[in-house]
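Q:
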């Protein structure tokens, strides 16, 4: 027999008056064998107040933590910028990036069922951020001003289209990987198009075409395997997860 804390189940010394783990007072009359502690009571004690909150409250707490982290990063970078340059220069971009991240976090947490609103607001905030970087760097070419929203719109359509396609899939297996690879190849096109427009004021595609071609060939192989292995193409069963 030994003294066991009735609140957390920790084994204590015979002369202990308080639990060294949870700090609760312990009665010496309670002498329990560890094997007799029920699993259900242990699980109930391990539950935190966070788990008892509603989903909306959990999302709110997560957003507050994210805001605290972002504000800390902005404060640190702004302080460094002011001490080094005696003015706000590059730290403005960090502030804008933190604001965009906060907006996107808020959209995902509280408007996850309203995909159209997420798409529009996330797209507009991201485009505004890129345009801010563009103007802060001293460039003002009209081609770049119009090309940035178009390139970002194409990238957003690819990502949200992939998400919508995945949601509608009845059987998720190797075809899921194939569609993701194709989406990655299309995103490479968008990235190189944006870089070439920003650098050369024209669309000049080179490495992204090679990446897209490789993605198409790999995806074709995965689609073929998916067709041959329809009965086993569920990812969890296929990879024995």
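Residue numbers (this note's numbering): 2 to 242. Beta carbons: idealized from backbone N, C-alpha and C, even for Gly. On a predicted model such as this, the values are computed, not experimentally measured, just so you know.
(1) Please return the same chain residues whose Cβ sits closer than 7 Å to the Cβ of residue 256, not counting the five positions on each side in sequence.
(2) Do the CB positions of residue 213 and residue 187 come within less than 8 Å of each other?
(3) At a cut of 8 Å, does the stretch 172-190 reach the stretch 152-159 through at least three beta carbon pairs?
(4) Check the Cβ-Cβ distances between residue 22 and every residue of chain B, and say whether any is below 8 Å.
(5) Straight-line CA distance for residue 81 to residue 68?
(6) Return the chain-ordered list of same chain residues with a C-beta closer than 7 Å to the C-beta of residue 216, the five sequence neighbours on each side being excluded.
(7) Would residue 75 pass as a contact of residue 95 if the rule is Cβ separation under 8 Å?
(8) Rounded to whole angstroms, what's the CA-CA distance from residue 21 to residue 59? Just pull it up for me.
(9) Are the beta-carbon atoms of residue 130 and residue 88 separated by less than 8 Å?
(10) Does residue 176 pass the burial test, meaning 16 or more other C-beta atoms within 10 Å, or should it be called exposed?
(11) By Cβ distance, which residues of its chain are closer than 8 Å to residue 13, with the 5 residues on each side in sequence left out?
(12) Which partner residues does residue 26 have in the DSSP bridge list?
(13) Can you tell me whether residue 73 is buried or exposed? The criterion is at least 16 other CB atoms within 10 Å of its CB, across all chains shown.
(14) Does residue 4 come out as helix, strand or coil in the three-state DSSP assignment?
(15) Given a cut-off of 8 Å on the beta-carbon distance, is the pair residue 179 and residue 121 in contact?
(16) Per DSSP, what kind of secondary structure is residue 158 in: helix, strand or coil?
(17) Roughly how many angstroms lie between the CA atoms of residue 25 and residue 16, to the nearest whole one?
(18) Where do the ends of the alpha helix (DSSP H) carrying residue 202 lie?
(19) Can you grab the Cα-Cα spacing for the pair residue 174 / residue 218, in whole Å?
(20) Only counting the same chain, and skipping five residues up and downstream in sequence, which positions put a Cβ closer than 7 Å to that of residue 8?
(21) Residues in the same chain with beta-carbon distance under 6 Å from residue 61, minus the five sequence neighbours each way, listed in chain order, please.
(22) Among all the DSSP beta bridges, which residues are the ones paired with residue 12?
(23) Hey, quick one: how far does the alpha helix (DSSP H) through residue 55 stretch, first residue to last?
(24) Assuming residue 129 is part of the alpha helix (DSSP H), what are its boundary residues?
A: So, from the listed chains and residues:
(1) One cannot answer for residue 256 here, as it falls past the ends of the chain, which runs 2 to 242.
(2) Pairing residue 213 with residue 187 gives a Cβ-Cβ distance under 8 Å.
(3) Of all C-beta pairs linking the stretch 172-190 to the stretch 152-159, three or more are shorter than 8 Å, placing the two stretches in contact.
(4) Note that chain B does not occur in the displayed structure, where there is just one protein chain.
(5) Approximately 20 Å, taken between the alpha carbons.
(6) Only 182, 183, 185 and 186 meet the Cβ criterion.
(7) With respect to residue 95, residue 75 sits close: the two C-beta atoms are nearer than 8 Å.
(8) Roughly 30 Å between the two C-alpha positions.
(9) Contact flag unset, no.
(10) Under the 10 Å beta carbon count, residue 176 is surrounded by 16 or more other beta carbons and is classified as buried.
(11) Closer than 8 Å at Cβ, skipping near neighbours: 3, 4, 5, 6, 20, 21 and 27.
(12) Listed as beta-bridge partners of residue 26 by DSSP are 19.
(13) Burial call: exposed.
(14) In the displayed model, residue 4 falls within a strand according to three-state DSSP.
(15) No, these two residues do not count as a Cβ contact at 8 Å.
(16) For residue 158, the three-state secondary structure derived from DSSP is helix.
(17) Going from the Cα of residue 25 to the Cα of residue 16 covers about 15 Å.
(18) First-last for residue 202: undefined, no H or E at that position.
(19) Taking the straight line joining both Cα atoms gives about 18 Å.
(20) Excluding residues within five positions, the ones whose Cβ falls inside 7 Å are 20, 23, 25 and 46.
(21) Counting only Cβ-Cβ distances below 6 Å, and skipping sequence neighbours, we find nothing.
(22) Answer is 5.
(23) Taken as a continuous stretch (DSSP letters only), residue 55 belongs to no alpha helix (DSSP H), as it is neither H nor E.
(24) First-last of the alpha helix (DSSP H) with residue 129: 116-137.
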